[in-house]
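Asker: Counted the way our numbering counts, the sequence shown spans residues 4 to 292.
Take this structure first; my questions come after.
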Amino acid sequence: MTQQPLLDPPAGRPILDEADDLLARGRAGDVVDLLAPHVGRRPEDVPAWHRMSRARLELGDARGAMHAAWAAWQQDPDGAESLYWISRACTAAGDHAEAIETAATACRQDPGNPRLHNRLGEAQLADGRVGDAVAGLQVAVELAGYDADLHVTYALALFAAGRPLTAREAAGRALTLDPQHAGARSAIGRFERAMKDVVDAPSLALAADEFAERMRVRPAPAPVGSQKARDAFAYVMRVSFVWFFSAFLGVGALDITGLVAVPDGLYLTLLCTAGVFALVARLARPRLP
Numbered sequence: 004m005t006q007q008p009l010l011d012p013p014a015g016r017p018i019l020d021e022a023d024d025l026l027a028r029g030r031a032g033d034v035v036d037l038l039a040p041h042v043g044r045r046p047e048d049v050p051a052w053h054r055m056s057r058a059r060l061e062l063g064d065a066r067g068a069m070h071a072a073w074a075a076w077q078q079d080p081d082g083a084e085s086l087y088w089i090s091r092a093c094t095a096a097g098d099h100a101e102a103i104e105t106a107a108t109a110c111r112q113d114p115g116n117p118r119l120h121n122r123l124g125e126a127q128l129a130d131g132r133v134g135d136a137v138a139g140l141q142v143a144v145e146l147a148g149y150d151a152d153l154h155v156t157y158a159l160a161l162f163a164a165g166r167p168l169t170a171r172e173a174a175g176r177a178l179t180l181d182p183q184h185a186g187a188r189s190a191i192g193r194f195e196r197a198m199k200d201v202v203d204a205p206s207l208a209l210a211a212d213e214f215a216e217r218m219r220v221r222p223a224p225a226p227v228g229s230q231k232a233r234d235a236f237a238y239v240m241r242v243s244f245v246w247f248f249s250a251f252l253g254v255g256a257l258d259i260t261g262l263v264a265v266p267d268g269l270y271l272t273l274l275c276t277a278g279v280f281a282l283v284a285r286l287a288r289p290r291l292p
């Protein structure tokens with residue numbers, strides 16, 4: 004039986020809790036269906052945009068994740084969490100300079116957050132900047148040695164730098180902190196496979212280089228000019244629809260409460276304008292899942 008998308012959370016259950024539950028069960032597509040109308044009605048809901056960005060990433064839609072992350076940042080420019088999701092989306096899209104810069108900015112805004120330092124290390128490894136990742140993560144694990152994820156990323160960086168023994172030790176520390184840590188177990192398995200044919204220093208250097216290369220994320224092919232412009236135009240149309248429809252609802256609320264006398268013509272103008280933007284956005288059909 005085909006599972007139907009969940010458009011509304013169960014009665015009495017907060018929508019973000021429902022989104023978290025769906026993400027935990029691997030139903031990223033349902034999260035998009037659930038949150039799309041919600042963020043349309045409440046574009047100021049920053050945590051909802053974050054979950055939308057995560058869901059888009061899990062669906063392999065780096066550009067959609069970027070749109071959601073930037074929407075969150077526009078509502079909360081000082082929030083390190085929005086920068087975290089922008090950085091992740093940039094890495095997925097292969098825009099490594101932006102991914103590293105936004106992760107570094109997030110670390111400066113919240114220097115005590117190991118998750119942000121982990122993101123910076125991941126962004127550097129995805130760009131092939133192994134030395135920078137090792138140096139930064141070494142400092143981070145000294146300051147936040149309680150974070151298992153940080154030890155795992157540090158272990159990956161160490162192996163890519165040609166230091167398999169210390170890499171194995173770092174992954175072991177992650178398992179000490181969390182014996183069930185899937186990332187640590189996966190890293191150790193990857194190390195063992197990479198070391199299978201290592202017999203001397205040159206073969207170790209080759210294995211480390213190949214390991215580092217497999218962690219790199221190559222930039223996605225850029226869309227042709229016409230498609231890129233069409234996607235950008237459609238995105239502007241969708242945003243315009245949200246704002247005009249929100250204005251229609253806001254004017255209606257003011258009229259109902261008696262604060263402002265609203266002419267009937269204004270209702271019609273706002274509704275028709277929002278409808279035009281929605282129709283144009285639909286016809287443009289941006290390349291999103």
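Note that the Cβ used here is the ideal one computed from N, Cα and C, for glycine as well.
1) Buried or exposed, going by whether 16 or more other CB atoms sit within 10 Å of the CB of Ala102?
2) In chain order, what residues of the same chain lie with their CB nearer than 6 Å to the CB of Asp23, ignoring the 5 residues before and after it?
3) Pro80 by DSSP, collapsed to three states: which one?
4) Output yes or no for whether 9 Å exceeds the beta carbon distance between Met218 and Pro167.
5) Quick one: grab the DSSP three-state call for Gly124.
6) Check Gln183 in the structure and name its three-state DSSP category.
7) Judging by CA-CA distance, which residue of Asp20, Gly82, Ala31, Ala96 is the nearest neighbour of Pro222?
8) Grab the span of the alpha helix (DSSP H) containing Ala51 for me, first residue to last.
9) In the DSSP assignment, find the alpha helix (DSSP H) that holds Ala204 and state where it starts and stops.
10) Among Leu207, Leu180, Asp150, Val142, which one has its Cα closest to the Cα of Phe162?
11) Using CA coordinates, which residue listed in Asp36, Gly131, Glu213, Ser189 is at the minimum distance from His154?
12) Under a Cβ-count criterion, where at least 16 other Cβ atoms within 10 Å of its own Cβ denotes burial, should Val202 be classed as buried or exposed?
13) For Gly139, which of helix, strand or coil comes out of DSSP?
14) Between the region 82 to 96 and the region 106 to 122, are three or more C-beta pairs nearer than 8 Å?
15) Are the beta-carbon atoms of Ala177 and Ala158 separated by less than 9 Å?
16) Give me, in chain order, the residues of the same chain whose beta-carbon lies closer than 7 Å to that of Thr169; leave out the 5 immediate sequence neighbours on both sides.
Answerer: Well, looking at it:
1) If you draw a 10 Å sphere on the C-beta of Ala102, you find 16 or more other C-beta atoms in it, and that means buried.
2) The answer is none, since no qualifying residue turns up.
3) The three-state secondary structure of Pro80, taken from DSSP, is coil.
4) Judged by their CB atoms, Met218 and Pro167 are not nearer to each other than the 9 Å cut-off.
5) Assigned with DSSP and collapsed to three states, Gly124 falls in helix.
6) For Gln183, the three-state secondary structure derived from DSSP is coil.
7) The residue among Asp20, Gly82, Ala31, Ala96 with its C-alpha nearest the C-alpha of Pro222 is Ala96.
8) Per DSSP, the continuous alpha helix (DSSP H) segment holding Ala51 begins and ends at 49 to 61.
9) First-last of the alpha helix (DSSP H) with Ala204: 204 to 218.
10) Comparing Cα-Cα distances from Phe162 to each of Leu207, Leu180, Asp150, Val142, the minimum goes to Leu207.
11) The shortest Cα separation from His154 among Asp36, Gly131, Glu213, Ser189 belongs to Ser189.
12) By the 16-neighbour rule on beta-carbons within 10 angstroms, Val202 is exposed.
13) In the displayed model, Gly139 falls within a helix according to three-state DSSP.
14) With the cut-off at 8 Å, the region 82 to 96 and the region 106 to 122 touch.
15) It is a contact, given that the beta carbons lie within the stated cut-off.
16) Leu161.
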